[in-house]
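Asker: If you scroll down you'll find the structure; I have some questions about it.
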Amino acid sequence: MIVFDLICANRHTFEAWFKDSKAFDGLRRKGRVECPTCGDSKVEKALMAPNISTSKTQAQAAKESAMVAGAKQMLARMQKHVEENCEYVGPGFAEEARKIHYGETKKRDIYGEATKTEVVELSEEGVDFTAIPWTQPTDS
Ligand SMILES: [Zn+2]
76 MIVFDLICAN
86 RHTFEAWFKD
96 SKAFDGLRRK
106 GRVECPTCGD
116 SKVEKALMAP
126 NISTSKTQAQ
136 AAKESAMVAG
146 AKQMLARMQK
156 HVEENCEYVG
166 PGFAEEARKI
176 HYGETKKRDI
186 YGEATKTEVV
196 ELSEEGVDFT
206 AIPWTQPTDS
C-alpha cells in the first residue's frame, strides 16, 4: 500500500491509499479517484513543495559537506607531500621561485607564501608554480 497526497481541480487536498503507484494511475485515468470534498475526479498528486525542497536541501548539504571533507583531505595530503619534499622559503617564495625560474639559484622544489599580486606576477612571467589553499596548523 502507498499513500499519496492528492489535489483536485478545486484545490482540495486529501490523502488516499492505493495498492501501488500503478494502481493509482489506472484508477485516476478511469476517473475513479474522487475528491472527498467535492467529488471531482480530476485529481493530481499534490507536490509537497516545502518538504521536497527541504529534503533536497538536506541531501545537497550532506553531499556538499562530504565534498568539502574530501577536498580538505586531498589538500591535507598535498600539503604533507609538499612539506616532506619541498624546501620552505616562507614569504620569500615569489623571489625564490623567480630566481629558480631564471636559473639564478639551484633548481629545487620550494614552497612558501606569496601575495595575490606576486601570484599574478609570477604567472605572467611564466614561472611554474601551483597555488593551493594552505591550512595553517591551529594553535590550541
Ligand atoms: Zn475537491
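Mapping the sequence shown onto the working numbering, position 72 (from 1) lands on 147, and the numbers just tick up by one. Every residue, glycine too, gets a C-beta built ideally from N, C-alpha and C.
1) So what's D203 in DSSP terms, helix, strand or just coil?
2) Would you tell me roughly how many angstroms separate the C-alpha atoms of A144 and A172, rounded to the nearest one?
3) Tell me whether C113 is buried or exposed, calling it buried when 16 or more other Cβ atoms sit within 10 Å of its Cβ.
4) Could you tell me the boundaries of the beta strand (DSSP E) in which E170 lies?
5) Could you please give me the residues that DSSP links to T88 through a beta bridge?
6) Whose beta carbon lies closer than 5 Å to any heavy atom of ligand 1, going through the chain in order?
7) Return the residue from the list A137, W209 and E199 that minimises the CA-CA distance to E188.
Answerer: Reading it off the structure:
1) coil
2) 31 Å
3) exposed
4) Note, E170: premise wrong, no beta strand (DSSP E); alpha helix (DSSP H) at F168 to H176.
5) I82
6) C83, N85, H87, C110, T112, C113 and D115
7) W209
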